[in-house]
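At position 227 of the sequence shown (counting the first as 1) the number is 410 in the working numbering, and the numbers step up by one without a gap.
Note that the Cβ used here is the ideal one computed from N, Cα and C, for glycine as well.
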Amino acid sequence: MAADIIDGKLFSSGVRGRVAASVSELKARGIVPGLAVVLVGEDPASQVYVRNKGIQTREAGMESFEHKLDASVSQEELLALVARLNADPAVHGILVQLPLPGHMDAEAVINAIDPQKDVDGFHILNVGLLGTGQKSMVPCTPLGCLLMLKDRLGDLAGLNAVVVGRSNIVGKPMAQLLLKESCTVTIAHSRTKDLAAVCRGADILVAAVGRPRMIPGDWVKPGATVIDVGINRIEEGGKTRLVGDVDYDSAAQVAGAITPVPGGVGPMTIACLLANTLTACCRANG
Ligand code: GUN
């Protein structure tokens, strides 16, 4: 039996619609949520992400502030911009696009953002709040994955969840969120012994390793829900294609449900960024 496809495009348009409706209500009270995005340098993939963030922010009725800085900007100048954005009451959310150029200390920059405006959820305070089960800003990609999982499965308590990948942006916060939902969580990574067997035990399998088609269908438990966070660009048959970390064709024969790439997790990330900006704005305005 072929798996159900979890349509992230459709799901994200529902989230964005709800955000836009709440933004309209705020505007009627004279409040306009604002998101500032800072891009340093000219990384092509980052430029695409930042452009899409700006478009979708405006479509949701929010104010978008874009700051594009030269790759040679000093860390002091970037920190001065972050300080200005922290102090600006029209800015409710701040996102500094990663990766930053090599001469910068990304952790220092992220931790300079006002934690209340940290819509990425990367500030050490938000990381700590999430890790201790307290109210925090939740990183957008894992939040999007969780929303799709809960929509599909309802109560997640007691399910075996395997997160493949241990990044600060996806793997670790994803594991924290699943633990909060009372899943039994395993974080697997490149040094995990018998990764195939670990994956085969998963009712929920989240792949976030950044390796094209690394997880084949015979690592998937029949009926499992598979969330593929990978967005890998490959050359195939003379064309550039986007593929996930999961081998979609074989996994879709075994899984109960699976997110496609593209059109799965990707669209949910920006939708959750807008939702986080709305949350930050509501918290700032009582
Ligand atoms: N680069 C890739 N993904 C992300 C993200 O979610 N947030 C930021 N700030 N940079 C990224």
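- With 16 or more other Cβ atoms from the protein chains shown falling within 10 Å of its own Cβ, I293 counts as buried.
- For D303, the shortest separation between its Cβ and any heavy atom of ligand 1 lies below 7 Å.
- At least one heavy atom of ligand 1 is found less than 7 Å from the C-beta of T452.
- Counting along the chain, the unbroken alpha helix (DSSP H) around G314 starts and ends at I307 to G314.
- Assigned with DSSP and collapsed to three states, V221 falls in strand.
- Under the three-state reduction of DSSP output, V274 falls in the coil class, being neither helix nor strand.
- The beta carbon of N415 is closer than 6 Å to those of P395 and V426 in its chain, skipping five residues each way along the sequence.
- Ligand 1 has a heavy atom closer than 7 Å to the beta-carbon of V279.
- Pairing S433 with P399 gives a Cβ-Cβ distance under 8 Å.
- With a 10 Å radius around the Cβ and a threshold of 16 neighbouring Cβ atoms, D301 comes out buried.
- In this structure, the beta-carbon distance from L209 to L278 does not fall below 8 Å.
- At a Cβ-Cβ threshold of 8 Å, A435 and D386 do not count as neighbours.
- The distance from the Cβ of T452 to that of C323 is about 5 Å, consistent with a contact at the 8 Å cut-off.
- The shortest CA-to-CA distance from P282 to any of E249, L313 and E225 is the one to E225.
- Look at K376 here: in three-state DSSP terms it is coil, with no helix or strand label.
- Closest option to S247, judged by alpha-carbon separation, among L262, L264, S229 and P216: P216.
- Contact check between the region 316-332 and the region 441-448: three or more CB pairs, one atom from each, fall below 8 Å, which counts as touching.
- Its Cα nearest to that of P227, the residue A254 stands out among R212, A254, R201 and A243.
- Per the DSSP secondary-structure output, L425 pairs in a beta bridge with R416.
- For N235, no beta strand (DSSP E) encloses it; the enclosing alpha helix (DSSP H) starts and ends at P227 to E242.
- Residue pairing by DSSP places A344 opposite V368 and I387 in a beta bridge.
- In this structure the region 341-357 touches the region 366-377; the number of beta carbon pairs closer than 8 Å is three or more.
- Counting the other CB atoms within 10 Å of its CB gives G191 a total of 16 or more, which places it among the buried residues.
- Secondary structure note for S247: its beta strand (DSSP E) is the uninterrupted segment E246 to L252.
- With fewer than 16 other CB atoms across the displayed protein chains lying within 10 angstroms of its CB, E242 is exposed.
- Annotation for I352 indicates a beta carbon within 7 Å of some heavy atom of ligand 1.
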